[in-house]
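Chemist: Numbering follows the UniProt record's numbering, in which position 223 of the sequence shown is assigned residue number 223; successive positions increment by one, without gaps.
Pasting in a structure now, in structure tokens, and then I'll have a few things to ask.
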Amino acid sequence: MTAVFGASLGVSGIHGLSVDLADTSSTSTESFVAMPPASQNHWHAVTSAVRDMAGTSTTPVLALRDKQPTEAYGVEYVDGLALVSDLGAQIGALQESSLLSGEKTVALFDAGAGGVTVSIVDVGSGVVQASRRSTVFSGDGCDAALTRYLLDRYGHGRQLAPDAQEFFVEMVCAGKERLSRFTEVEFDGPFPGGPVTVYRTDLDDLVRNDVYDAVTLAESMIAAGPRVDALFAVGGAANMQIVRQSLFDAVSVPVFVPVEPQLLAARGAVGMARGFAAGRAPARSAAPPRHSDSSSRHTRRLKRSRYLAGVLAVLVAGGVAAAAVISSTKDEQVTVVDRKQPAPSTPSDPPVAILPAAAPPEPESATTTTTSDDTTQQSTSPPVPTTTATTTTTESTTTRAPRATTTTVPPTTVTTTTDAPRTSRETTRQSPTSTTSSTTTR
């Protein structure tokens with residue numbers, strides 16, 4: 001079997017996709033590995049987890065977020081992995097799915113577990129013209145706000161034991177994701193009165209101001225920068241209806257939301273892996289490498305990154321208390337806005353974001369059985385907890401391959417189904433309710 005594997009690294013863990021090139025149906029297998037809560041050697045944990053997830057596939061491709069991105073394309077081979085920018089992976093996935101077709105300059109509104117990153121990228125050259133990151137709104141912050149709301153309103157502010165707290169936070173996370181598809185969800189929590197019902201409007205009221213601030217950031221960057229042809233909302237929080245509707249209402253350019261926006265970077269990474277396996281090797285960008293070829297430099301860079309510095313501190317290790325601290329942070333972090341508008345590129349067609357520099361070296365053989373635990377002792381690193389998700393995506397208008405892995409999600413009971421998020425290319429200022437809005441699919 002000839003398989004290719006791509007993954008993206010986020011605060012909550014590693015999303016991976018594997019595709020068997022011999023399978024004409026292009027069936028993909030999705031996997032997810034949560035990062036360990038108290039690891040020290042972050043880079044070793046990441047590389048070990050990715051190699052373990054990839055199995056016997058060709059060189060795995062890992063998409064990372066750069067703290068100070070200057071260019072979106074290019075590839076670097078380190079520790080048996082092909083490292084790429086998440087911006088390039090996302091653009092490649094948008095091109096492959098035909099959601100990106102003809103736009104020369106795009107804005108990516110990446111709303112993930114740790115915060116929101118807004119980047120303006122020239123599609124032809126890969127030059128990042130501007131990029132800002134803010135923690136004013138995040139998926140972890142939403143989880144923390146909903147957790148406090150439930151405990152204060154229905155749990156009478158009671159304190160939970162560590163094990164019960166961890167389970168409760170996981171249940172809240174799962175329930176929050178379901179509220180993106182349903183107008184109300186029933187929570188079986190540690191409440192004296194039994195299960196309680198939470199409405200989507202309850203969650204919207206909790207995060208409305210934070211969403212407004214994040215959308216205002218995108219609006220101001222688009223207004224102040226060069227011409228932007230479209231905005232693409234990506235990341236897990238892009239599934240939230242209030243995020244979509246706020247972007248539709250506020251941003252002056254067309255807004256599009258891809259199917260399963262939380263997997264966009266992983267899909268782009270596996271697309272790059274497919275290109276590498278086919279021997280496609282366009283020229284490298286003239287910009288210097290984004291990553292050092294030193295493992296120690298990698299470790300320091302990753303430790304400084306929010307993608308690893310706060311790994312699961314909100315959801316598992318720190319529980320509700322840590323989530324409350326993170327969600328209260330309202331300062332905006334400006335990462336880089338030092339790019340003047342470059343000379344416009346004029347390619348006949350936007351290139352696919354698959355730009356390796358050279359043939360990959362022989363992958364390093366894994367000398368440890370660890371998968372994602374960031375301990376400083378490789379030989380004693382415990383295995384990584386692996387979770388998968390089983391979801392029924394009845395709202396999707398795009399046929400997608402079945403997932404081959406499953407997991408148990410903390411119990412939440414959906415009581416009423418009224419709408420579903422859009423799963424095709426969506427135009428600006430339309431309602432996010434798929435049952436009432438029209439969509440345009442390329």
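Each residue gets a CB set at the ideal place from its N, CA and C atoms; glycine is no exception.
Report the three-state DSSP secondary structure of ASP23 (helix, strand or coil).
Modeler: Locating residue 23 in the sequence shown gives position 23, counting from the first residue. Coil.
Chemist: Would you call SER252 buried or exposed, if buried means 16 or more other Cβ atoms sit within 10 Å of its Cβ?
Modeler: Residue numbering aside, residue 252 sits at position 252 when the sequence shown is read from its first letter. Burial call: exposed.
Chemist: Roughly how many angstroms lie between the CA atoms of VAL46 and SER31, to the nearest whole one?
Modeler: Within the sequence shown, numbered from 1, the residue matching residue 46 stands at position 46. Within the sequence shown, numbered from 1, the residue matching residue 31 stands at position 31. If I take the Cα positions, the gap works out to 14 angstroms.
Chemist: When DSSP labels each residue in this structure, what does PHE182 get in the three-state scheme?
Modeler: Here residue 182 corresponds to residue number 182 of the sequence shown, with the count starting at 1. Residue state, collapsed to three classes: coil.
Chemist: Terminal residues of the continuous beta strand (DSSP E) containing GLN68?
Modeler: Counting from 1 along the sequence shown, the entry for residue 68 is found at position 68. Careful: GLN68 lies outside any beta strand (DSSP E) and carries neither H nor E.
Chemist: Using the Cβ count rule (16 or more neighbours within 10 Å means buried), how would you classify ALA269?
Modeler: Working through the sequence shown from its first residue, we reach residue 269 at position 269. Burial call: buried.
Chemist: With distance defined between alpha-carbon atoms, name the residue in GLY92, VAL78, CYS142 and LEU263 nearest to VAL207.
Modeler: Walking along the sequence shown from the start, residue 207 turns up at place 207. Closest by alpha carbon: CYS142.
Chemist: Rounding to the nearest angstrom, what Cα-Cα distance links TYR73 and SER97 in this structure?
Modeler: What you label residue 73 is simply residue 73 of the sequence shown in a count that begins at 1. What you label residue 97 is simply residue 97 of the sequence shown in a count that begins at 1. Going by the C-alpha atoms only, they are around 18 angstroms apart.
Chemist: In angstroms with no decimal places, state the Cα-to-Cα distance between GLU177 and ASN239.
Modeler: Position 177 of the sequence shown, counting from 1, holds the residue named residue 177. Position 239 of the sequence shown, counting from 1, holds the residue named residue 239. Cα to Cα, GLU177 sits roughly 8 angstroms from ASN239.
Chemist: Going by alpha carbons, who is nearest to THR29 out of HIS15, VAL234, THR147 and ALA144?
Modeler: Numbered from its first residue, the sequence shown carries residue 29 at position 29. Considering only alpha carbons, the answer is HIS15.
Chemist: Is THR29 helix, strand or coil by DSSP?
Modeler: If you number the sequence shown from 1, residue 29 lands on position 29. Looking at THR29 - three-state DSSP - the assignment turns out to be strand.
Chemist: With H, G and I counted as helix, E and B as strand and the rest as coil, what does DSSP make of LEU99?
Modeler: The count along the sequence shown starts at 1 and reaches residue 99 at position 99. Of the three classes helix, strand and coil, the one that applies to LEU99 here is coil, per DSSP.
Chemist: Report yes or no: do three or more beta-carbon pairs, one from the segment 177–193 and one from the segment 223–241, lie closer than 8 angstroms?
Modeler: Short answer: they touch.
Chemist: Residues bridged to PHE256 by DSSP?
Modeler: Sequence index remark: in the sequence shown, residue 256 carries index 256 (1-based). PHE232, per the DSSP bridge assignment.
Chemist: Would you call HIS156 buried or exposed, if buried means 16 or more other Cβ atoms sit within 10 Å of its Cβ?
Modeler: Residue numbering aside, residue 156 sits at position 156 when the sequence shown is read from its first letter. Counting Cβ neighbours within 10 Å, HIS156 comes out exposed, since fewer than 16 surround it.
Chemist: Using beta-carbon positions only, say whether VAL118 and ALA233 come within less than 8 angstroms of one another.
Modeler: For this step, residue 118 is matched to residue 118 along the sequence shown. For this step, residue 233 is matched to residue 233 along the sequence shown. The answer is no: Cβ separation not under 8 angstroms.
Chemist: My output table needs one value for ALA278: the three-state DSSP class, helix, strand or coil.
Modeler: In the sequence shown, counting from the first residue as 1, residue 278 sits at position 278. The answer is coil: DSSP assigns ALA278 none of H, G, I, E or B.
Chemist: Is it right to say SER220 is buried, meaning 16 or more other beta carbons lie within 10 angstroms of its own, or is it exposed?
Modeler: For the purposes of this step, residue 220 is taken as residue 220 along the sequence shown, with counting starting at 1. Exposed is the call here.
Chemist: Measure the C-alpha to C-alpha separation of GLY13 and LEU64 and round it to an integer number of angstroms.
Modeler: If you number the sequence shown from 1, residue 13 lands on position 13. If you number the sequence shown from 1, residue 64 lands on position 64. Between GLY13 and LEU64, the C-alpha separation is close to 12 angstroms.
Chemist: Starting from the C-beta of LEU160, find all residues in its chain whose C-beta is less than 7 angstroms away, skip the five residues before and the five after it, and write them out in chain order.
Modeler: Taking the first residue of the sequence shown as position 1, residue 160 is located at position 160. Contacts found: PHE168 and PRO190.
Chemist: May I ask you to verify whether the segment 260–275 touches the segment 80–98, counting CB pairs closer than 8 angstroms and requiring at least 3?
Modeler: Output reads yes: the segment 80–98 touches the segment 260–275.
Chemist: Report the start-end ranges of each beta strand (DSSP E) in the segment 101–187 that is 3 residues or longer and not cut off at the edges.
Modeler: Here the runs fully enclosed are 105–111, 116–122, 128–134 and 184–187.
Chemist: Excluding the 5 residues preceding and the 5 following ALA113 in the sequence, name in chain order all residues of the same chain whose CB lies nearer than 7 angstroms to its CB.
Modeler: Stepping through the sequence shown from its first residue, residue 113 is reached at position 113. Contacts found: GLY10, VAL11, SER12, SER138, GLY139, ASP140 and GLY236.
Chemist: How long is the line joining the alpha carbons of PRO382 and ALA49, rounded to whole angstroms?
Modeler: Counting from one through the sequence shown, the residue named residue 382 turns up at place 382. Counting from one through the sequence shown, the residue named residue 49 turns up at place 49. Any reading at PRO382 must be qualified, since the residue scores a pLDDT of 42, below 50, and its modelled position is unreliable; no value is offered.
Chemist: May I ask you to report which of helix, strand or coil DSSP gives ILE5?
Modeler: By one-based count along the sequence shown, residue 5 stands at place 5. Note on residue identity: the sequence assigns Phe, not Ile, to residue 5. Note: PHE5 maps to strand in three-state DSSP.
Chemist: Please name the residue, chosen from VAL228, ARG153 and ASP188, that lies closest to ASP202 on a Cα-to-Cα basis.
Modeler: Position 202 of the sequence shown holds residue 202. Taking only the C-alpha atoms, the option nearest ASP202 is ARG153.
Chemist: Excluding the five sequence neighbours on either side, which residues of its own chain have a C-beta within less than 7 angstroms of the C-beta of LEU264, listed in chain order?
Modeler: By 1-based counting over the sequence shown, the position of residue 264 is 264. Only GLN90, ALA93, VAL234 and PRO258 meet the Cβ criterion.
Chemist: Under a three-way DSSP split, which group does GLY80 fall into?
Modeler: Working through the sequence shown from its first residue, we reach residue 80 at position 80. In the structure shown, GLY80 sits in coil (DSSP, three-state: anything other than H, G, I, E or B).
Chemist: On the DSSP letters alone, give me the boundaries of the beta strand (DSSP E) that VAL196 sits inside.
Modeler: As a first step, residue 196 must be located in the sequence shown, where it is residue number 196. Taken as a continuous stretch (DSSP letters only), the beta strand (DSSP E) holding VAL196 covers 196–199.
Chemist: Report the CB separation of MET35 from ALA7 in whole angstroms; it is logged as a contact under 8 angstroms.
Modeler: Taking the sequence shown and counting its residues from 1, one reaches residue 35 at position 35. Taking the sequence shown and counting its residues from 1, one reaches residue 7 at position 7. So it is not a contact: roughly 12 angstroms between Cβ atoms.
Chemist: CB LEU21 to CB ALA223, shorter than 8 angstroms?
Modeler: In the sequence shown, the residue the question calls residue 21 occupies position 21. In the sequence shown, the residue the question calls residue 223 occupies position 223. No, Cβ-Cβ distance for LEU21 and ALA223 is not below 8 angstroms.
Chemist: State the Cα-Cα distance for the pair ASP86 and VAL33, rounded to the nearest angstrom.
Modeler: As a position in the sequence shown, residue 86 is number 86, starting the count at 1. As a position in the sequence shown, residue 33 is number 33, starting the count at 1. Straight-line Cα distance between these residues: approximately 18 angstroms.
Chemist: What residue range is occupied by the uninterrupted alpha helix (DSSP H) comprising THR58?
Modeler: Translated into the one-based positions of the sequence shown, residue 58 becomes position 58. Looking at the DSSP string, THR58 is not in any alpha helix (DSSP H), and its letter there is neither H nor E.
Chemist: Please classify SER18: does DSSP put it in a helix, a strand, or coil?
Modeler: For this step, residue 18 is matched to residue 18 along the sequence shown. Note: SER18 maps to strand in three-state DSSP.
Chemist: Is the closest heavy atom of the ligand ZN to the C-beta of ALA223 under 7 angstroms?
Modeler: With respect to the ligand ZN, the structure shown offers nothing to examine, as it has no ligands at all.
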